[in-house]
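Using this note's numbering, the letters of the sequence shown correspond one by one to residues 158 to 430. So the structure is just underneath, and the comments pick up after that.
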Amino acid sequence: MPKATTTNISLTKSYIPKVSKIPRISPTIAQFYKPIKNRNIHEGRVVDQAYYKSNNIERLFNIRFNCLFQINEPIVSRFILDIYSQVTVQTDEYGYLVISFMIQHEFITLTLTQFGQILKIPYNGQAVFTNEWDIASLEYSRETEGPYCTHLPTPDDICRLLELERVVVDRTIKSQTVSLNPNQILTKELSPDMEQWEELIRENVFGLGGHWDRLPACLAHMLYCVVAEEQYNLAYFFVKRIQCARATQNRKSSVWHVSYSSLSTRHGNVSSS
158 MPKATTTNIS LTKSYIPKVS KIPRISPTIA QFYKPIKNRN IHEGRVVDQA YYKSNNIERL
218 FNIRFNCLFQ INEPIVSRFI LDIYSQVTVQ TDEYGYLVIS FMIQHEFITL TLTQFGQILK
278 IPYNGQAVFT NEWDIASLEY SRETEGPYCT HLPTPDDICR LLELERVVVD RTIKSQTVSL
338 NPNQILTKEL SPDMEQWEEL IRENVFGLGG HWDRLPACLA HMLYCVVAEE QYNLAYFFVK
398 RIQCARATQN RKSSVWHVSY SSLSTRHGNV SSS
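Encoded structure:
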């Protein structure tokens, strides 16, 4: 699997059709698509078999994250655009997440379990979502009651299990020298083996955008779960990320690389046009 670069990130936008520019398109439909069309969408690379069989990736990821290296078909970016433009995420009376969207004029509502089963991703286990860098933000972001209440590892637990080696204490951000706190992890502080695990997860779960030199809090938590052999609720992460993208329409956040055609196929509505 080739490593993503800044060039790849800029190219992803060329894969998204400029729906709002189509002549005679409905103003309502154009408005649905407009906030989504500039996001960084993975163009459809698949995971190379030789990549995940190296450096113990296959053995470790078979425990919890084997779904990531089973991605073997490219994305149709129009499908991603379609679902993000009109998907809604709600909770039912018991606190369970419910995701709803349209496919070819058919209204579909899925529970988080159904969503995970269709996409063949884990839908149980540790559940938390944050866009922050500082891993202390995990505790502030977790749900404290209901079906997704999660007892998380402490920042010290995560740093200790990942065997991090602090390489710098200060760095320049926007022309200012900033002192890093112990809970802000840089990717260069990971071991060489773990850097490959981080790359596979980042490109196929987080997308191509963001700061590649920093380890997002959620990604640090995922690596912790891989090493600790803890179940991780990837379906929860995806749905919460969709919800966040919808709530921050002006922010050019990336989207995840899981084949949307899986959702279409399950309901007998496949279209490649």
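Each residue gets a CB set at the ideal place from its N, CA and C atoms; glycine is no exception. As the structure is a prediction and not an experimental result, all values here were calculated from the model.
- In the structure shown, R323 falls within a coil segment according to DSSP collapsed to helix, strand and coil.
- Every beta strand (DSSP E) stretch that sits fully inside the stretch 238-306 and reaches 3 residues is listed by chain position as 245-248, 254-260 and 263-268.
- Secondary structure note for V335: its beta strand (DSSP E) is the uninterrupted segment Q333 to S336.
- Closest option to E355, judged by alpha-carbon separation, among Q333, S336 and H378: H378.
- A direct Cα-Cα distance of roughly 42 angstroms separates P279 from R181.
- DSSP places R317 within a helical segment (H, G or I) once states are collapsed to three.
- When beta bridges are read from the DSSP output, L343 appears opposite R371.
- Apart from the 5 residues on each side of it in sequence, V244 sits with its Cβ closer than 8 angstroms to the Cβ of I256, S257, F258, I399 and R403 in its chain, given in chain order.
- Put simply, the backbone Cα of C401 is about 9 angstroms away from that of N288.
- The stretch 357-371 makes no contact with the stretch 309-327, as fewer than three CB pairs between them are under 8 angstroms.
- By the Cβ test, the stretch 265-284 is in contact with the stretch 380-387, since at least three Cβ pairs between them sit closer than 8 angstroms.
- For D350, the uninterrupted alpha helix (DSSP H) run begins and ends at P349 to I358, by DSSP.
- Residue range L391 to A404 is occupied by the alpha helix (DSSP H) that includes C401.
- Annotated as proximal: Y251 and P304, with beta-carbon spacing under 8 angstroms.
- Comparing alpha-carbon positions, the option among T185, V246 and D205 lying closest to F394 turns out to be V246.
- Residues V255 and S257 of the same chain have their beta carbon placed closer than 7 angstroms to that of T266, with the five preceding and five following residues left out of the count.
- Inter-residue distance for V335 and Q341 is about 11 angstroms (C-alpha atoms, whole angstroms).
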